[in-house]
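Working notes, beginning with the structure itself.
Numbering (our numbering), first residue to last: 29 to 476.
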């Protein structure tokens, strides 16, 4: 099976084989090695090859523009003619290439191969964006390109390339959303942002919405610059302004001011604390040697049939030897009780969906590695830009890996990873949706 994306690559590969066979390639490589010529970078063979191809291509463009071949008598009295060349250096994926661009006397010729003002060719900009999305700083990208390609780009140039995606980020962050999401997950990453002369910790919140088909979508990224209800009121207002009219359940980690903001925006929405977060919070107070035993005592709480059974299980834990040994673990459940108990009113299918914010946590696991590489950010906008690029980069990479395995015969293993978040489907969604439709019948007919 060949995808549309693979077609240009396959055609280019076929043309290369028709024009330059493998024996000729081997001879070219052997010659460069014998003469001590590198393939890439300044003075490399590939930049010289690209130079020859581009210059011949521009010469052909000029011929087409003028309407006659070089030295053709037909050009006499045509009103325009060739007028030498101008030197121009462009950066490419294999290193800098110095070109002699042909000119015409009337200055009306514009090359499509190397447009005026263009200083970077090929996929160099895509390479810069990919390196940035992987967590490299601008200075690190600068050193990497110089060391690997021999391309010496200024700090300002690389910064401008990465900054150019901010229009895309803004369009994505402000795109219209669905009117109704049965479930929204919300989780946060701690990032270090430079604030004047000091570095402070801030939380970058990522929201993932589940639509009626059970498909997950990253709704937005927000860096929390202010505390509590004021910040969450602005986030909810943005989502509402982008079209979200109703949400059934918002699953998050006990965020200060969030329930109030939800109530003010979507009065009927239920804010549910993430059970896994609650378990982890209580485990912080437990010694490693006792964690397995404490986890066993906590399980009857969140697997209880109803609130009464859960309360009995919590009381049993509090009165136990381990409960008396770790009172802070008991208190973490008592403090979060009102945000936890809505979970117990749902059936197994819905409980499975809202039990954890793993839909975001799997994404955040990848993001944390990138943030760790990046260190600190100059401002909040840089955080949003990097996280957006990282999400896009991860999903694109996974899509390419799946495309490579798409044509494999049945029986051959396929190890390519599934979609991380964007576009992936909730397992067991049909049962959960039926439970939600029975529980909230008055809210479904208006949205389906």
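Glycine included, C-beta positions come from ideal geometry on N, C-alpha and C. Only a predicted model underlies this, so the values are computations on that prediction, with no experimental measurement involved.
- The C-beta of residue 439 has fewer than 16 other C-beta atoms within 10 Å across all chains shown, which makes the residue exposed.
- Rounded to whole angstroms, the Cβ separation of residue 472 and residue 221 is 41 Å, and the two are not in contact under 8 Å.
- The continuous beta strand (DSSP E) containing residue 277 extends over residues 274-280.
- Residue range 208-223 is occupied by the beta strand (DSSP E) that includes residue 210, with no alpha helix (DSSP H) assigned at that position.
- Distance from residue 247 to residue 238 at the Cβ level is roughly 10 Å; contact not present, criterion being Cβ atoms closer than 8 Å.
- Beta-bridge partners of residue 232 (DSSP): 217, 251.
- If you ignore the 5 residues before and after residue 217, its C-beta comes within less than 6 Å of the C-beta of 232, 392, 395, all in its own chain and listed in chain order.
- The beta-bridge partner set that DSSP reports for residue 245 consists of 237.
- DSSP, read as helix, strand or coil, puts residue 374 in coil.
- Every alpha helix (DSSP H) stretch that sits fully inside the segment 68-119 and reaches 4 residues is listed by chain position as 73-94.
- The beta carbon of residue 135 lies closer than 6 Å to none in the same chain, with the five residues before and after it left out.
- With at least 16 other beta carbons inside 10 angstroms of its own, residue 358 counts as buried.
- Around residue 384, the same chain offers 302, 304 as residues with beta carbons nearer than 6 Å, after the five sequence neighbours per side are excluded.
- By the Cβ-count criterion, residue 244 is buried, with 16 or more other Cβ atoms from all chains shown falling within 10 Å of its own Cβ.
- With distances taken between CA atoms, residue 275 lies nearest to 206 out of 309, 107, 252, 206.
- Taking all protein chains shown into account, residue 340 has fewer than 16 neighbouring C-beta atoms within 10 Å of its C-beta and is therefore exposed.
- Around the beta carbon of residue 402, 16 or more other beta carbons sit within 10 angstroms, so the residue counts as buried.
- Under DSSP, no beta-bridge partner is assigned to residue 180.
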